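What follows is a set of notes on a single structure, which appears directly below.
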Amino acid sequence: VVAVLPRDLAQAAPRSTRVEVRVVGDVLGHAMAHLDELVQVPTGCGEQTMIGLAPNVYVAQNLKASGKFGGDIKTKILKNMQTGVQRELTYRHDNGGFSAFGKSDKEASTWLTAYVVK
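Oh and the sequence shown: position 96 is 213 in this note's numbering, straight run, nothing missing.
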């Protein structure tokens, strides 16, 4: 395979001598090669915590289904999930609902509660 860069692009990065090309046989190939970028410690308010927690859950489900859930990535995901769940529980109201800032919010958020329960 020969790739010819447009002249202005080739001149834009002097002394650039490396090009990387990957051919992947499935739609998830690129994502699977970069799972460590999806698996992060959930932080922030109640909404942000869920946004950070969800990728850990989805990656774990995918790896389990493919028989690849083990080693360092499993340890990291389980730790992140435990941290995220414990953090999310701090945003829980007495009625069982959840909100972005917990009890400092007047009432729980229906959509955030649904997301947490899901």
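C-beta: ideal position from N, C-alpha, C; glycine also.
If you're wondering where the values come from, they're calculated on a predicted model, not measured in any experiment.
Query raised in the report: Can you tell me whether DSSP reads Arg204 as helix, strand or coil?
Result: helix
Query - Three-state secondary structure (DSSP) of Arg209 - result: strand
Report task. Return the CA-CA distance between Gly142 and Gly214, expressed in angstroms with no decimal places. Result -> 43 Å
Report task. Mark Glu164 as exposed unless 16 or more other C-beta atoms lie within 10 angstroms of its C-beta, in which case mark it buried. Result -> Counting Cβ neighbours within 10 Å, Glu164 comes out buried, since at least 16 surround it.
Query raised in the report: What is the C-beta distance between Phe218 and Tyr208, in whole angstroms, given that I count them as a contact (C-beta under 8 Å)?
Result: Taking a contact as a CB-CB distance under 8 Å, the pair Phe218 and Tyr208 counts as one, their CB atoms being some 7 Å apart.
Requested in this report: Hey, could you find the ends of the alpha helix (DSSP H) Val174 is sitting in?
Outcome: Run containing Val174: 163–182, per the alpha helix (DSSP H) assignment.
Query raised in the report: With C-beta atoms as the reference, is Thr160 less than 8 Å away from Glu205?
Result: The Cβ-Cβ distance between Thr160 and Glu205 does not fall below 8 Å.
Requested in this report: Have a look at Val234 and Thr200 and give me their C-alpha separation to the nearest angstrom.
Outcome: The straight-line gap separating the alpha-carbon atoms of Val234 and Thr200 is approximately 17 Å.
Query raised in the report: What do you reckon, are the CB atoms on Leu155 and Pro172 nearer than 8 Å?
Result: yes
Query raised in the report: What do you get for Asn212, buried or exposed, if any count of 16 or more other CB atoms within 10 angstroms of its CB means buried?
Result: exposed
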